[in-house]
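Protein sequences appear in the order of chains A and B.
Residues 1 to 240 in full-length UniProt numbering are what the first sequence spells out, letter by letter.
Residues 1 to 304 in full-length UniProt numbering are what the second sequence spells out, letter by letter.
Working notes, structure below.
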Amino acid sequence: MEKKQSGSPPSLIDSTVVPGDVVLDLSSMTNQTIMLGGGLRQDCDAISVMKAGTLRFSKPNKYWVESSQKRYTPCVEDTVLGIVVDSKADNFLIDIKGPVLAFLPVLAFEGGTRRNIPKFEVGTLLYLRVVKANFGMNPELSCTDASGKAAEFGPLKDGYMFETSTGLSRKLLSSPTCPVLEALGKKLSFEIAVGLNGRVWVNAATPDTIVVVANAIMNSESLSGAQQIIMVEHLLKNIQ
Amino acid sequence: MEGRLANAWRLTANDKSFIRTALLSEIRIDGRKPYEYRKIVVKFGREDGSSEVQLGQTRVMGIVTAQLVQPYRDRPKEGILSIFTEVSPMADPSFEPGHPGELAVELGRIIDRGLRESKAVDTESLCVLAGKFVWAIRIDLHILDNGGNLVDAANIAALAALLTFRRPECSLGGEDGQEVIVHPPEIREPLPLIVHHLPIAITFGFFSNDSILVIDPTHNEEAVMGGRMTTTVNANGDICAIQKAGGEGVPQRVIMQCLQLATAKAAGITKQIKEALYDILWYHLLRETTLETGELKCTTQKEL
């Protein structure tokens, strides 16, 4: 059997796949360790797709399927934007657009002790990190990074929050910078926080800047890089 | 209970204050001006009497059907018009499946009042045999997506469906002339309803600071606004109905301002509905062409 480049017949990397597609044939690849991410499943010798999306590969051996949804599946170490729903004795209940509410322990803040528990009103927007996310359990969040420092986590003041799909959030956080953010950044000055759960928060000095940035980002989902730049120029011309 | 909490749509405190602050500078979060409507798209289904209206993100479908029934005792010579609304949880997580909530009932009532009180649909022409048989027109409104301002979208859907609906022609027969024969559409061309004018519902949202007024509020604005008012007017400037259910008080001059704005908007929306209708009437005309012989049937030649 001939050895094929990256083992998929023909290469499906970076193209759209649907459930049932076989992307790798393990019998043709010997002595290799492959890591499978989300959306892929092993059936004896064939690696088949479970979720519709785009197949991605990263060297040396990671394969996964990337898809975009409106709902969010909590994953550990994701940074998300949550809304406070309720506060209990030990935890705050936070809505992160997942299947269930998440818990934020009252002590999960930098220098947090029983004496200085922060008071969050219902409806406060927080920038958080997912610490634990197991299937069937409520996810656990934290307002500190792994070493215990605050690092920009915590409540966000003023500004405007809008919802997007998870795919658009990932695009906004990718490097190099997403074209729409770069084009907007050249003319306007604003502050932005992107949650991987499909929520984006924008703040700027004037309301019309916030509205332009929010609408530009929402419109950019299905546009290619060049189209995004044209769209942003069009929007900016209208407000000037 | 927690599952329901997780699914609810929430507005953050930041958004609430931002929407109000932006409105002070006459900016709305989707970039519209305060008195601007979202884009309206009116589409029709394959069957007569079905329409789908899109108002920005809000989508409503309207279906009109008719049945021969006995008239009400106190109105033996008039047909019956009834409106039913169905809201599905797919449209909005706050809707519960099964029984319609307050919102659905109020929606149905506003549209019903707009059509009935202004006598937009001629009910006397729906009488077949006085006291025995009249046509009962039933309008079903299905809310498909709630992006704010369901009343206006549902009203346009109801009007569009009524304008394209065709009821079968029927005549009296039998020995004593008391039997009603309903002619199938293949034998006799179905007839349209007589609609005298189009009452258009225009919804306003009031915000507490400096009595700011917006037309056609979106979902976010509805969650923040202090009060709402729906005025149903037609293109001639007649006021068909006004609904202001609760919310904060509004001075009289603001109400007069709303009515003037509504009349201006109603003319534009009526024109849009008629243009969409024009396209679908052409389609009906072409449908009458007999495919085998390629010639138009007699009835449509007369129309031409």
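We put the beta carbon where it would ideally sit given N, CA and C, even for glycine.
Item checked: Spatially closest choice to Asp140/B from Asp112/B, Asp176/B, Ala120/B, by CA coordinates -> The residue among Asp112/B, Asp176/B, Ala120/B with its C-alpha nearest the C-alpha of Asp140/B is Asp112/B.
Item checked: Unbroken beta strand (DSSP E) run spanning Phe120/A, endpoints -> Per DSSP, Phe120/A lies in no beta strand (DSSP E) and is assigned neither H nor E.
Next item on the list: Starting from Trp64/A, follow its DSSP beta bridges and name the residues at the other end.
Entry: In the DSSP assignment, Trp64/A forms a beta bridge with Arg56/A.
Next item on the list: Could you name the residues of the UniProt domain "K Homology" (159 to 207) of chain A whose beta carbon sits closer than 7 Å to any beta carbon of chain B, in the order they occur along the chain?
Entry: Going along the UniProt domain "K Homology" (159 to 207) of chain A in chain order, one finds Gly159, Tyr160, Met161, Pro207 with a Cβ nearer than 7 Å to chain B.
Checklist line | Per-residue contacts from Phe18/B into chain A (C-beta, under 8 Å) | finding: Those within 8 Å of Phe18/B in chain A are Asp158, Gly159, Tyr160, Pro207, Ile210.
Note to self: Three Cβ pairs or more, each shorter than 8 Å: is that satisfied between the region 120 to 133 of chain A and the region 66 to 79 of chain A?
What the structure shows: Short answer: they touch.
Next item on the list: Measuring alpha carbon to alpha carbon, tell me which of Ala66/B, Leu24/B, Ile200/B ends up nearest Ala160/B.
Entry: Comparing Cα positions, the closest option is Ile200/B.
Check: What did DSSP end up calling Ser147/A once you bin it into helix, strand or coil?
Finding: In this structure, Ser147/A counts as coil in the three-state DSSP scheme.
Notebook entry, point to check: Mind pulling the chain B residues with CB within less than 8 Å of Gly123/A?
Noted result: Per Cβ cutoff of 8 Å: Arg10, Leu11, Thr12, Ala13, Lys16.
Margin query: Within the continuous alpha helix (DSSP H) that includes Val22/A, where are the two ends?
Written below: Here Val22/A belongs to no alpha helix (DSSP H); instead the beta strand (DSSP E) covers 22 to 25.
Item checked: Where the beta strand (DSSP E) containing Glu86/B begins and where it ends -> That run of the beta strand (DSSP E) goes 80 to 87.
Check: Smallest Cα separation from Leu156/A: which of Ile117/A, Asn203/A, Leu196/A?
Finding: Here the closest residue by C-alpha is Asn203/A.
Next item on the list: To the nearest angstrom, report how far apart Ile27/B and Asp208/A are at their CA atoms.
Entry: Whole-angstrom Cα-Cα distance: 7 Å.
Notebook entry, point to check: Which residues in the same chain have their Cβ closer than 6 Å to the Cβ of Ile47/A, if we skip the five residues on either side of it in sequence?
Noted result: These residues qualify, in order along the chain: Val23, Leu24, Leu40.
Check: What does DSSP give as the partner residues of Val130/A in its beta bridges?
Finding: Partner(s): Leu141/A.
Next item on the list: Could you tell me the distance, in whole angstroms, from the CA atom of Ser15/A to the CA atom of Asn197/A?
Entry: Linking Ser15/A to Asn197/A through their CA atoms gives a straight-line distance of about 24 Å.
Margin query: Between the region 6 to 15 of chain B and the region 143 to 162 of chain A, can you find at least three pairs of beta-carbon atoms closer than 8 Å?
Written below: Contact holds: three or more Cβ-Cβ distances are below 8 Å.
Check: How long is the line joining the alpha carbons of Ser82/B and Arg167/B, rounded to whole angstroms?
Finding: Separation of Ser82/B and Arg167/B (C-alpha to C-alpha, rounded to the nearest whole angstrom) is 16 Å.
Next item on the list: Taking 7 Å as the cut-off, decide whether the C-beta atoms of Lys244/B and Met229/B are in contact.
Entry: Taking 7 Å as the Cβ cut-off, Lys244/B and Met229/B qualify as a contacting pair.
Checklist line | Chain-ordered chain A contacts of Thr203/B [CB-CB under 9 Å] | finding: Residues of chain A passing the Cβ test: none, with the nearest at roughly 22 Å.
Checklist line | Segment contact, 8 Å Cβ cut-off, at least three pairs: the region 210 to 228 of chain A with the region 120 to 127 of chain A | finding: Taking a cut-off of 8 Å for Cβ pairs, the region 210 to 228 of chain A and the region 120 to 127 of chain A do not touch, as fewer than three such pairs fall below it.
Check: For Ile63/B, which residues of its own chain have a beta-carbon under 7 Å away from its beta-carbon, when the five flanking residues on both sides are left out?
Finding: Taking C-beta separations shorter than 7 Å and ignoring five residues to either side along the sequence, the partners of Ile63/B in its chain run Gly49, Ser50, Asp140, Ala161, following chain order.
Next item on the list: Leaving aside the five residues before and after Gly237/B along the sequence, list all residues of the same chain whose C-beta is less than 6 Å from its C-beta, in chain order.
Entry: Taken in chain order, the residues that qualify are Thr263.
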